[in-house]
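Enquirer:
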Amino acid sequence: MYELDVIADDSLGRFVARWYGLPDRPRRDLDLPDHLPEPLAGWHRAAARYSLPLSRDHVMLDPADLVESAGLVRFWVGAEDWYSYAPGPADPLVVENDTTATGVPLSRFLVYAAVYEATYAPLHGLVLMSPSPDALRQVRLRLRELDDPLWRWPDPRTRYYGDDDLLGHLGPDRVVLAARHRDALGRFDGLGLPWDWDTRTV
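As numbered in the working numbering, residues 1044 to 1245 make up the sequence shown, in order.
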């Protein structure tokens, strides 16, 4: 999980390969717009190697569909939120909902997006909303908080945790866990928590 503890230029590719395994599609040249920032081009090159979409909760817009409006280019869209950048810089800062400056460069934000998608649209996962303080403490004891300050954004009360097989987004209002394989969720079976969602039972 070192690629998430210290975010570097290769963190996105390393995380995707470790979490999803080796690519199942051959490398191919993509017809990407010349104005596409390199970090976003890197995302689309990585995503093209996998049949499973890397963005499943939000939509990572196709590069051909990116348009500038009011000085911003929207690139990642959810049901209630969207993220944009101002064209020009090689690694532009990301803007939330066209109004809120995140202060996060696109290259770092895309690592965040990959981890968000792996956590909130998992193949194997657990969710407990409004956990008691004791339940939250018990889950935290079984995970390790990720070191990079990125994982305390946007609300430092809700942080990302992880190891080789698990990711977690934990805070006063939620416990969201994702696993690379089903058996990894067994780490939490002895806690007796009333999970609101458990992929093993749906």
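In this text, a Cβ means the ideal position worked out from N, Cα and C, and glycines have one as well.
(1) What ranges does the alpha helix (DSSP H) occupy inside the stretch 1127-1181, keeping only unbroken runs of at least 4 residues that lie completely in it?
(2) Report yes or no: do three or more beta-carbon pairs, one from the stretch 1231-1241 and one from the stretch 1154-1174, lie closer than 8 angstroms?
(3) What does Asp1241 pair with, by DSSP beta-bridge criteria?
(4) Only counting the same chain, and skipping five residues up and downstream in sequence, which positions put a Cβ closer than 7 angstroms to that of Glu1081?
(5) Just list the residues that DSSP pairs Arg1202 with in beta bridges.
(6) Have a look at the DSSP bridge pairing and note the partners of Ala1222.
(7) Pull up the DSSP beta-bridge partners for Val1102, would you.
(8) Give the single residue among Arg1071, Tyr1203 and Asp1074 whose Cα lies nearest to the Cα of Gly1214.
(9) So which of Leu1186, Arg1217, Ala1091 and Thr1145 has the shortest CA-CA distance to Ala1227?
(10) Reducing DSSP to helix, strand and coil, say where Trp1125 ends up.
(11) Do Asp1232 and Ile1050 count as a contact pair if the criterion is CB distance below 8 angstroms?
(12) Using a threshold of 7 angstroms, is the CB atom of Ala1089 nearer than that to any non-hydrogen atom of the ligand NAD?
(13) Mapping DSSP to helix, strand and coil, what is Ser1094?
(14) Inspect the CB distances between the stretch 1153-1167 and the stretch 1050-1070 and report whether three or more fall short of 8 angstroms.
Expert: On the basis of the coordinates in this document:
(1) Whole alpha helix (DSSP H) segments, 4+ residues: 1149-1163.
(2) Touching, yes, given that three or more Cβ pairs across the two stretches are closer than 8 angstroms.
(3) By DSSP's assignment, Asp1241 forms a beta bridge with Leu1169.
(4) Within the same chain, Cβ atoms closer than 7 angstroms to the Cβ of Glu1081 are found at Ala1133, the five residues on either side in sequence being excluded.
(5) Note: Arg1202 sits in a beta bridge opposite Leu1213.
(6) DSSP, once it has assigned bridges, lists His1167 and Leu1209 as partnering Ala1222.
(7) According to DSSP, Val1102 shares a beta bridge with Val1120.
(8) Nearest of Arg1071, Tyr1203 and Asp1074 to Gly1214, Cα basis: Tyr1203.
(9) Nearest option by C-alpha distance: Leu1186.
(10) For Trp1125, the three-state secondary structure derived from DSSP is strand.
(11) With contacts defined by Cβ atoms closer than 8 angstroms, Ile1050 and Asp1232 do not form a contacting pair.
(12) By its list of ligands, the structure shown contains no ligand whatsoever, and the ligand NAD lies outside what it can speak to.
(13) Three-state result, Ser1094: coil.
(14) Output reads yes: the stretch 1050-1070 touches the stretch 1153-1167.
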